Ligand SMILES: NC(=O)C1=CN([C@@H]2O[C@H](COP(=O)(O)OP(=O)(O)OC[C@H]3O[C@@H](n4cnc5c(N)ncnc54)[C@H](O)[C@@H]3O)[C@@H](O)[C@H]2O)[C@@H](O)CC1
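Numbering (full-length UniProt numbering), first residue to last: 1 to 520.
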């Protein structure tokens with residue numbers, strides 16, 4: 001798992017080192033790491049042929065830096081000095097009329113050039129930024145307070161264009177509010193942010209009205225939570241972590257991001273000596289005469305993910321098809337280690353019985369779709385709830401905890417998922433283009449997004465099947481349910497990617513995702 005920390009936690013971890021007088025050494029280490037990434041990126045662009053004139057070479061390349069008043073600017077200035085030493089033409093735009101003194105001395109000694117920033121020079125400086133082979137954003141890092149000064153926001157917009165909705169192509173020419181299309185930085189312009197892109201909240205990922213959009217962010221000491229969460233992650237681009245010797249062991253990470261190696265290391269596997277009951281039995285309530293397909297998809301996905309036994313409670317329209325595909329599935333009641341309920345509008349009474357059984361025997365359960373409408377209070381057993389934005393709105397409204405709109409939830413999925421997790425004392429896996437898994441303590445798991453091809457009917461049912469199987473096969477272990485949810489989402493995304501490639505078209509039908517899971 002990659003671990004993301006709030007700005008406050010990182011600053012607290014820095015504090016003893018600063019108190020011991022290691023501030024400048026930390027900054028020099030950070031700046032050296034930043035300069036290394038800048039040189040590598042410039043060289044790579046040169047080698048891959050995306051060159052324009054001198055672009056790509058370090059010597060002779062045009063580097064423009066946006067420099068703030070604090071240590072973030074200091075990092076940029078020391079890195080700028082490093083690049084100037086290697087023959088780059090480096091210009092620092094002094095955004096606030098005050099820059100880190102030692103950084104400024106090193107930068108000017110290396111031949112760096114400083115340009116003051118005033119509102120009158122906006123167009124000239126925006127043009128300078130647009131012409132650069134590399135822009136380094138060193139205005140604000142972990143010391144940022146919310147909101148950017150209007151002049152700085154205007155400069156960022158004049159350089160990079162108006163913020164685009166996620167669906168629009170990055171760098172699409174946009175109106176700057178003047179009625180005429182504003183010239184914008186090339187979408188392929190190399191922009192490297194120092195620690196965090198300016199305008200991005202390093203703890204929450206919130207971007208406000210304006211933020212720098214980087215191709216690469218070089219972050220120091222520890223991953224910042226905000227660079228792993230929606231909006232902030234998109235603004236940060238690729239993130240490289242430079243070790244500056246911080247000890248984060250006493251700080252609780254705010255965000256977990258599962259990595260591919262976690263799927264290998266943590267995915268439950270049958271052990272020697274296991275039998276079907278010890279491996280894990282899942283009770284599944286899914287599907288109805290109206291929606292038989294959802295029951296089939298969920299049951300087949302759970303079977304493909306791997307369980308000791310699957311007991312399916314569903315009407316004959318569902319069980320008939322399920323048994324044709326998966327004759328190993330058992331219909332009817334019996335002892336189980338976990339429950340999954342809800343896909344395909346199942347019978348409410350059967351779902352209620354499953355919830356009661358889970359609470360009575362302290363069994364974990366995953367509740368999806370129709371099952372969510374039964375929730376009016378926290379359950380007395382551990383559970384993962386899997387709403388999409390619309391279902392979360394209905395859930396929060398029914399519980400009397402505000403009435404956000406679907407757009408509110410989509411704009412700020414973390415806050416709303418955490419609120420639901422706290423109210424229902426459960427893990428809430430909010431499905432969306434960036435799925436967020438929230439714990440009641442406010443920390444989240446934020447798996448890397450899967451392919452957009454997964455946005456198709458039935459893929460959520462497949463996810464519930466995967467999660468149910470994981471719950472059954474890990475029951476009795478101490479694996480954290482939110483981490484488990486992250487593994488399930490990561491596997492679902494991986495299967496979706498394979499299904500998309502295998503089908504050769506720009507969609508991944510739920511049945512195709514299932515085929516990948518089943519290894520067919
Ligand atoms: N403290 C350390 O040990 C290290 C810090 N490093 C760098 O230092 C950064 C943090 O430095 P600072 O604490 O100086 O903070 P920043 O450099 O992020 O920002 C602080 C400065 O910006 C101003 N400011 C804050 N929010 C603003 C806003 N919204 N609009 C306008 N001005 C605003 C503040 O008044 C202050 O002058 C990190 O992100 C990282 O880049 C690195 O050098 C590594 C070591």
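Glycine included, C-beta positions come from ideal geometry on N, C-alpha and C. Computed from a prediction, not measured in an experiment: that's the story for all the values here.
**Study point:** Inter-residue CB distance, residue 341 and residue 303 (contact presumed, cutoff 8 Å)
**Key:** No, residue 341 and residue 303 are not in contact; Cβ-Cβ is about 17 Å, not under 8 Å.
Quiz prompt | Per-residue burial, residue 431 [other beta carbons within 10 Å of its own, 16 or more giving buried] | solution = Burial call: buried.
Q.
Along the chain, where does the alpha helix (DSSP H) containing residue 238 start, and where does it finish?
A. First-last for residue 238: 238–242, but that is the beta strand (DSSP E), not the alpha helix (DSSP H).
Short Cβ contact (9 Å threshold) for residue 348 with residue 372
Cβ atoms of residue 348 and residue 372: not closer than 9 Å.
Fill in: residue 138 - partner residues in DSSP beta bridges
Note: residue 138 sits in a beta bridge opposite 67.
field: Contacting residues, own chain, Cβ-Cβ under 8 Å from residue 8 (five flanking each side not counted)
entry: Excluding residues within five positions, the ones whose Cβ falls inside 8 Å are 203.
Bridge partners - residue 220, DSSP secondary structure assignment: Beta-bridge pairing links residue 220 to 242.
Residue from 152, 253, 101 with nearest C-alpha to residue 120 = Out of 152, 253, 101, 152 has the C-alpha closest to the C-alpha of residue 120.
State the DSSP-derived secondary structure class of residue 2, mapped to helix, strand or coil. In the three-state reduction of the DSSP assignment, residue 2 falls in the strand class, which pools E and B.
Item checked: Whole-angstrom C-beta distance between residue 206 and residue 191, which should lie under 8 Å -> The Cβ separation is near 20 Å, so there is no contact.
message: Using DSSP's beta-bridge definition, name the partner residues of residue 113.
response: In the DSSP output, where bridge partners are listed per residue, residue 113 has 91.
| said: At the level of alpha carbons, what is the spacing between residue 278 and residue 339? | reply: If you draw a straight line from the Cα of residue 278 to the Cα of residue 339, it is about 15 Å long.
*Is residue 14 near ligand 1, with its Cβ less than 8 Å from a heavy atom?*
Yes; taking the cut-off as 8 Å, the Cβ of residue 14 has a heavy atom of ligand 1 nearer than that.
Is DSSP giving residue 145 helix, strand or coil here? Correct three-state label for residue 145: coil.
Checklist entry - By how many angstroms is the C-alpha of residue 393 removed from the C-alpha of residue 423? => result Distance between the alpha carbons of residue 423 and residue 393: 13 Å.
Bridge partners of residue 428, per DSSP? Answer by DSSP bridge pairing, in chain order: 385, 438.
Report yes if the C-beta distance between residue 254 and residue 227 is below 9 Å; otherwise report no. For the pair residue 254 and residue 227, the CB atoms are not nearer than the 9 Å cut-off.
Notebook entry, point to check: Going straight from the alpha carbon of residue 139 to that of residue 446, what length do you get?
Noted result: Rounded to whole angstroms, residue 139 to residue 446 spans 27 Å at the Cα level.
- Query: Looking at residue 241 and ligand 1, is the gap between the Cβ and the nearest heavy atom below 8 Å?
  - Reply: The answer is no for residue 241.
Where the alpha helix (DSSP H) through residue 339 begins and ends
Note, residue 339: premise wrong, no alpha helix (DSSP H); beta strand (DSSP E) at 338–341.
- Task: In the DSSP assignment, find the unbroken alpha helix (DSSP H) run with residue 283 in it and report its ends.
- Result: Segment 281–285 is the beta strand (DSSP E) holding residue 283; no alpha helix (DSSP H) there.
Beta-carbon within less than 6 Å of residue 136's beta-carbon, same chain only, minus the 5 sequence neighbours each way: which residues are those?
The beta carbon of residue 136 lies closer than 6 Å to those of 65, 76, 192 in the same chain, with the five residues before and after it left out.
Could you check whether the Cβ of residue 442 sits closer than 9 Å to any Cβ belonging to chain C?
No chain C is part of this structure, which consists of one protein chain only.
Which ranges would you report for the beta strand (DSSP E) in the segment 273–330 if only whole runs of at least 3 residues count?
Counting whole runs of 3 or more residues, the segment 273–330 contains the beta strand (DSSP E) stretches 281–285, 309–313.
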